[in-house]
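**Q** If you scroll down you'll find the structure; I have some questions about it.
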């Protein structure tokens with residue numbers, strides 16, 4: 071399964087979540103993302119970070135409620151729950167309040183706002199748990215490869231840290247030591263930082279050994295053309311986006327945006343000539359990838375339309391306080407996001423989805439002339455290159471097969 075399909079699916083759910091503050095719809099979006107993650111995630115370290123994003127979402131909701139209670143809210147309300155001691159502020163700080171009345175209306179509004187932010191975080195966490203960052207890097211254009219490596223290293227930092235913390239806590243439990251409390255956190259933090267430093271040094275050494283950053287010679291005309299196309303495309307995309315958002319530019323917004331997008335893609339295509347790299351067994355965008363990405367796009371399009379057609383249902387008011395209502399057809403559209411749990415390949419025992427493409431016992435060939443898989447993982451598919459008769463040990467790195 072192409073890693074970009076998972077990100078498009080998750081971005082579709084995130085777009086749908088950004089169009090509503092209805093807690094019932096937001097909870098349904100979170101439930102859909104959680105079910106797909108539970109059904110199709112692998113056992114790799116980067117796939118175990120979904121629970122951390124759930125906890126982060128709960129923390130965001132609690133922090134939003136705390137700030138609303140301490141700093142006040144512009145939402146008027148008549149249902150006073152309690153009153154905090156108010157700190158008097160000077161005249162130049164008018165409009166800012168510390169403490170005072172806390173109403174039910176302002177807390178409900180803060181909960182709706184925090185739930186939307188939590189849903190966005192959960193959607194991003196679902197993409198991190200389902201899409202292999204290394205395989206996503208293989209699909210980037212050659213002109214964005216260097217920037218993509220930095221993004222992938224940043225994306226894998228949190229999952230690797232979560233895996234290190236879980237491993238260290240399990241080791242402490244086996245030794246009969248406590249895993250909670252300030253002292254335990256401090257004792258776990260030092261090995262986690264040490265492991266992160268060792269990984270960064272190993273990544274730097276491996277990238278240097280593989281010639282990271284080398285470029286090919288291209289004619290000056292190609293360089294100038296690439297710069298002109300890229301800058302022109304970015305300017306066109308900015309102008310087209312402004313035209314779509316502004317009322318007076320609706321006529322030219324979409325054509326300018328499409329022209330800018332075409333110029334930017336052409337610039338990236340030409341800029342890829344400077345990158346000297348090979349790609350072993352590139353991922354193909356198949357029918358399943360189209361279905362996964364299309365399900366997320368369908369959810370996003372339906373919620374965007376519903377936000378304009380029925381804004382009161384998707385953004386329930388808090389003054390006066392009313393119970394949110396679950397709209398039927400937007401809720402049914404959100405359920406389309408469950409399609410990846412059916413059409414996506416089932417993860418194999420080694421953590422890679424579906425059958426591998428390694429050689430079979432009979433030498434049978436699969437599509438595109440590649441050997442058909444037997445279900446056993448190959449060394450290259452797991453992110454490590456096969457051992458070679460070199461005098462020194464190979465540096466383990468999850469990006470070496472790219």
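Residue numbers (the working numbering): 71 to 472.
Yeah, the Cβ is synthetic: ideal placement off N, Cα and C, and Gly gets one too.
Could you tell me the distance, in whole angstroms, from the CA atom of residue 322 to the CA atom of residue 125?
**A** Spanning the two alpha carbons is a distance of roughly 44 Å.
**Q** Restricting to runs no shorter than 3 residues, where is the beta strand (DSSP E) found entirely within the region 88-162?
**A** Complete beta strand (DSSP E) runs here, min 3: 150-157.
**Q** So residue 404 packs on residue 98, CB below 8 Å; how close in whole Å?
**A** Residue 404 to residue 98, Cβ: 5 Å. Contact.
**Q** Nearest by alpha-carbon distance to residue 158: which of 170, 379 and 137 is it?
**A** If we check each option's Cα against that of residue 158, 170 comes out closest.
**Q** Kindly confirm or deny that the region 269-285 and the region 296-309 touch, where touching means at least three C-beta pairs closer than 8 Å.
**A** Cβ pair count under 8 Å is below three, so no.
**Q** Which of the three DSSP states, helix, strand or coil, is assigned to residue 391?
**A** Coil at residue 391, not helix or strand.
**Q** Between the Cα of residue 357 and the Cα atoms of 380, 400, 409 and 340, which residue gives the shortest distance?
**A** Out of 380, 400, 409 and 340, 409 has the C-alpha closest to the C-alpha of residue 357.
**Q** Please classify residue 176: is it buried, with 16 or more other beta-carbons within 10 angstroms of its beta-carbon, or exposed?
**A** With 16 or more other Cβ atoms within 10 Å, it is buried.
**Q** Run through DSSP, which three-state label would residue 170 get?
**A** Here residue 170 sits in strand by DSSP.
**Q** I need the boundaries of the alpha helix (DSSP H) containing residue 276, first residue and last residue.
**A** 252-279 is the span of the alpha helix (DSSP H), which, as asked, contains residue 276.
**Q** Kindly list the residues whose CB is nearer than 6 Å to the CB of residue 106, restricted to its own chain and excluding five residues on each side of it in sequence; keep chain order.
**A** Hits under 6 Å: 410 and 411.
**Q** Would you call residue 449 buried or exposed, if buried means 16 or more other Cβ atoms sit within 10 Å of its Cβ?
**A** Caution applies to residue 449, whose pLDDT of 39 falls short of 50 and renders its modelled position unreliable; the value that the coordinates give is listed next. Exposed, by the Cβ-count rule.
**Q** Among all the DSSP beta bridges, which residues are the ones paired with residue 400?
**A** The partner list for residue 400 (beta bridge, DSSP) is empty, contrary to what the question assumes.
**Q** Based on DSSP bridge pairs, tell me the residues matched to residue 289.
**A** In DSSP, residue 289 forms no bridge with anything.
**Q** Just to confirm my understanding: we take residue 91, look at its own chain, exclude 5 residues before and 5 after, and list those with CB closer than 6 Å. What are they?
**A** Hits under 6 Å: 182, 186 and 385.
**Q** Which class does residue 410 belong to by DSSP, given the choice of helix, strand or coil?
**A** Correct three-state label for residue 410: helix.
**Q** Residue 180 and residue 113 look like a contact to me (Cβ under 8 Å); what is the Cβ gap, rounded to whole Å?
**A** With 8 Å as the limit, residue 180 and residue 113 do not qualify as a contact, their Cβ atoms being about 38 Å apart.
**Q** Between which residues of its own chain and residue 365 is the CB-CB distance below 7 Å, once the five residues before and five after are set aside?
**A** Cβ within range, chain order: 79, 406, 407, 409 and 410.
**Q** Quick one: grab the DSSP three-state call for residue 248.
**A** Here residue 248 sits in coil by DSSP.
**Q** Tell me where the alpha helix (DSSP H) around residue 361 begins and ends.
**A** 357-379 is the extent of the alpha helix (DSSP H) around residue 361.
**Q** Can you tell me whether residue 247 is buried or exposed? The criterion is at least 16 other CB atoms within 10 Å of its CB, across all chains shown.
**A** By the neighbour-count rule (16 or more Cβ atoms within 10 Å), residue 247 is not buried but exposed.
**Q** For residue 367, which residues in the same chain have their Cβ closer than 8 Å to its Cβ, ignoring the five residues on either side in sequence?
**A** Correct list, in chain order: 78 and 82.
**Q** Quick one: Cα of residue 399 to Cα of residue 201, how far?
**A** About 29 Å.
**Q** When you compare only the Cα positions, how much space is there between residue 388 and residue 178?
**A** Approximately 7 Å between the Cα atoms of the pair.
**Q** Report the residue from 268, 231, 230 and 207 whose alpha carbon sits nearest the alpha carbon of residue 220.
**A** Ranking 268, 231, 230 and 207 by Cα distance to residue 220 puts 207 first.
**Q** Cβ of residue 103 within 9 Å of Cβ of residue 196?
**A** Yes, Cβ-Cβ distance for residue 103 and residue 196 is below 9 Å.
**Q** How long is the line joining the alpha carbons of residue 190 and residue 308, rounded to whole angstroms?
**A** So the alpha carbons of these two residues sit roughly 24 Å apart.
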